[in-house]
Amino acid sequence: MSYSLLPGTAAPVRMWTDPSTVDNGALRQLRNIGALPWVHGIAVMPDVHLGKGATVGSVIAMRQAVAPAAVGVDIGCGMSAVRTSLTAAQLPDDLRSLRSALEAAVPVGFAAHDEPVDPHRLWGVPTAGWAEFWRRFDDLHPGVQNRQARAMKQLGTLGGGNHFGELCIDTSDSVWLLLHSGSRNIGKELAERHMAVARKLPHNADLPDRDLAVFVAGTPEMAAYRRDLYWAQEYARRNRELMLALICGVLRTELPGVRFDEPISCHHNYVAEETYDGVELLVTRKGAIRAGRGELGIIPGSMGTGSYIVRGLGNADAFLSASHGAGRRMSRTKAKQLYTEADLAAQTAGIECRKDAGVVDEIPAAYKDLDQVMAQQSDLVEVVQRLRQVLCIKG
Numbered sequence: 434m435s436y437s438l439l440p441g442t443a444a445p446v447r448m449w450t451d452p453s454t455v456d457n458g459a460l461r462q463l464r465n466i467g468a469l470p471w472v473h474g475i476a477v478m479p480d481v482h483l484g485k486g487a488t489v490g491s492v493i494a495m496r497q498a499v500a501p502a503a504v505g506v507d508i509g510c511g512m513s514a515v516r517t518s519l520t521a522a523q524l525p526d527d528l529r530s531l532r533s534a535l536e537a538a539v540p541v542g543f544a545a546h547d548e549p550v551d552p553h554r555l556w557g558v559p560t561a562g563w564a565e566f567w568r569r570f571d572d573l574h575p576g577v578q579n580r581q582a583r584a585m586k587q588l589g590t591l592g593g594g595n596h597f598g599e600l601c602i603d604t605s606d607s608v609w610l611l612l613h614s615g616s617r618n619i620g621k622e623l624a625e626r627h628m629a630v631a632r633k634l635p636h637n638a639d640l641p642d643r644d645l646a647v648f649v650a651g652t653p654e655m656a657a658y659r660r661d662l663y664w665a666q667e668y669a670r671r672n673r674e675l676m677l678a679l680i681c682g683v684l685r686t687e688l689p690g691v692r693f694d695e696p697i698s699c700h701h702n703y704v705a706e707e708t709y710d711g712v713e714l715l716v717t718r719k720g721a722i723r724a725g726r727g728e729l730g731i732i733p734g735s736m737g738t739g740s741y742i743v744r745g746l747g748n749a750d751a752f753l754s755a756s757h758g759a760g761r762r763m764s765r766t767k768a769k770q771l772y773t774e775a776d777l778a779a780q781t782a783g784i785e786c787r788k789d790a791g792v793v794d795e796i797p798a799a800y801k802d803l804d805q806v807m808a809q810q811s812d813l814v815e816v817v818q819r820l821r822q823v824l825c826i827k828g
């Protein structure tokens with residue numbers, strides 16, 4: 434589909450979904466963002482839904498400014514995917530023991546490693562830059578300086594919520610590994626501290642929503658935020674690299690002889706410097722992936738509806754972006770009120786995964802229809818592979 438314009442905004446708000454299907458809270462957020470004087474334009478993805486300050490599923494291009502809420506608190510959250518040499522027939526009939534082995538290797542939820550994982554002892558992890566990466570911790574916001582030991586032990590851990598690790602099967606019966614995670618608690622701590630700083634700046638006094646506070650170029654506050662932002666984005670990337678290595682190690686032990694292709698990786702909560710309409714802009718993707726022409730990306734659904742590997746079509750109207758997933762259609766609280774463990778078991782039948790009360794809020798019915806979301810962005814990406822999960826680990 435092509436986009437429609439949201440009326441009543443100063444900056445163009447291009448929507449790859451029917452505005453009548455978007456809840457009023459999210460529409461209000463989009464209009465608030467579109468009224469900011471720094472905004473060049475907004476691209477709204479089909480998985481859009483209400484977020485803190487800025488909607489999830491939106492791409493916001495600003496001139497000489499950035500709003501931390503337009504990035505989100507899980508800085509650098511994103512996906513990785515790896516095709517293996519395995520076929521579906523080579524997987525064990527009962528995947529329970531394999532799931533247990535994966536959960537033992539990669540802590541989930543609030544858990545962390547007992548000791549920091551040594552990246553130099555893992556196969557496939559890039560070894561460059563680790564010492565410099567941790568040296569830069571000393572330059573981060575003073576409020577997180579007592580968090581380094583924890584951040585080191587959380588590197589290589591999954592987290593909770595909608596983060597997951599999966600084994601999937603594509604249409605050719607090849608087995609894939611998928612991973613969704615972010616910058617763990619350290620990213621959240623940095624984001625929240627900088628949001629608090631931004632709210633107190635004089636130029637943010639009259640905003641329609643105090644959570645839309647921005648930093649502007651040429652100020653020490655902007656420099657400090659971007660320093661910490663880029664560090665957290667790197668933390669998220671390195672976190673997924675370590676988890677991929679740990680998971681691949683388990684598969685090598687359990688399924689000897691397995692080989693792995695080069696990973697596909699994409700952030701979906703981040704900032705990038707990009708140029709559109711001849712203007713240098715700071716582009717924030719909150720719940721969106723970059724989809725430049727030929728670029729590979731990953732668009733997941735839910736723990737019961739599979740995922741897509743996609744190739745970007747380079748649509749400049751969308752700031753070279755696409756959705757980061759199906760997107761929630763109801764809150765976690767509402768999902769827990771509406772659905773039971775029995776509902777979860779029914780909707781994840783045939784998938785080796787948790788089916789208890791702790792993940793009912795992640796039930797597939799709480800998410801939008803993935804195929805409809807894909808149809809709405811047919812001018813943003815093309816499908817490379819459709820994946821269906823057979824094993825899912827969650828926190």
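The opening position of the sequence shown corresponds to residue 434 in my numbering, with each subsequent residue numbered one higher. Ideal Cβ placement from N, Cα and C applies to all residues, glycine included. Predicted model, so just to flag it, every value in this text is computed and none were measured.
Residue pairing by DSSP puts P733 in a beta bridge opposite S740. For H596, the number of other beta carbons within 10 angstroms of its own is at least 16, and it is reported as buried. If you compare the alpha carbons of G615, L684, C681, R447 with that of L662, the shortest gap goes to G615. For N579, the number of other beta carbons within 10 angstroms of its own is below 16, and it is reported as exposed. Across the structure, A521 and I602 are spaced so that their CA atoms are roughly 7 Å apart. Using a Cβ distance threshold of 9 Å, K719 and V499 do not count as a contacting pair. Secondary-structure assignment with DSSP links R671 through no beta bridge to anything.
As DSSP reads the structure, I493 sits in a beta bridge with I475, T717. K827 is bridged by DSSP to F597. Approximately 6 Å separates the beta-carbon atoms of L824 and E599; this is inside 8 Å, confirming the contact.
In the DSSP assignment, N702 falls within the unbroken beta strand (DSSP E) covering 702 to 709. Rounded to the nearest angstrom, the Cβ distance from L714 to M495 is 6 Å, consistent with a contact under 8 Å.
Taking a cut-off of 8 Å on C-beta distances, the stretch 504 to 522 does not touch the stretch 634 to 641, as fewer than three cross pairs fall below it. The beta carbon of F693 is closer than 7 Å to those of V515, T517, C681 in its chain, skipping five residues each way along the sequence.
Rounded to whole angstroms, T450 and V477 show a C-alpha spacing of 8 Å.
Contact between K586 and D507 is absent: CB atoms are separated by about 18 Å, not below the 8 Å threshold. In the three-state reduction of the DSSP assignment, A498 falls in the strand class. In this structure, the beta-carbon distance from D480 to K801 falls below 9 Å. According to the DSSP assignment, M512 belongs to the beta strand (DSSP E) that extends over 511 to 520.
Between N672 and G589, the C-beta spacing is below 9 Å. Looking from the CA of L675, the closest CA among N618, S735, I619, L612 belongs to L612. Distance from the Cα of G760 is smallest, within the candidate group V472, P797, K767, Y772, for P797. Sorting E548, D606, L623 by C-alpha distance to the C-alpha of G576 places L623 at the top. Excluding its 5 nearest sequence neighbours in each direction, G651 has C-beta neighbours in its own chain below 8 Å: Q497, listed in chain order. Nearest in C-alpha terms to V743, of all of G725, E667, V817, A503, is V817. Per DSSP, reduced to three states, the secondary structure at C786 is coil, with no helix or strand assignment. When the five nearest sequence neighbours on each side are left out, the beta carbons in the same chain lying within less than 7 Å of the beta carbon of R787 are those of K827, in order along the chain. Under the DSSP assignment, L531 falls in the alpha helix (DSSP H) whose first and last residues are 529 to 538.
When DSSP states are grouped into helix, strand and coil, E625 belongs to the helix group.
Only exposed fits D527, as fewer than 16 other CB atoms lie within 10 angstroms of its CB. Residue pairing of S616 in beta bridges, as defined by DSSP: absent, with no partner found. In the DSSP assignment, R761 is bridged to Y800.
Under the DSSP assignment, R554 falls outside any alpha helix (DSSP H); it carries neither an H nor an E label.
A755: member of the beta strand (DSSP E) spanning 754 to 756, first to last residue. Between L524 and the set D547, P689, P501, the nearest pair of CA atoms involves P689. Burial check for L469: the Cβ neighbour count within 10 Å reaches 16 or more, so the residue is buried.
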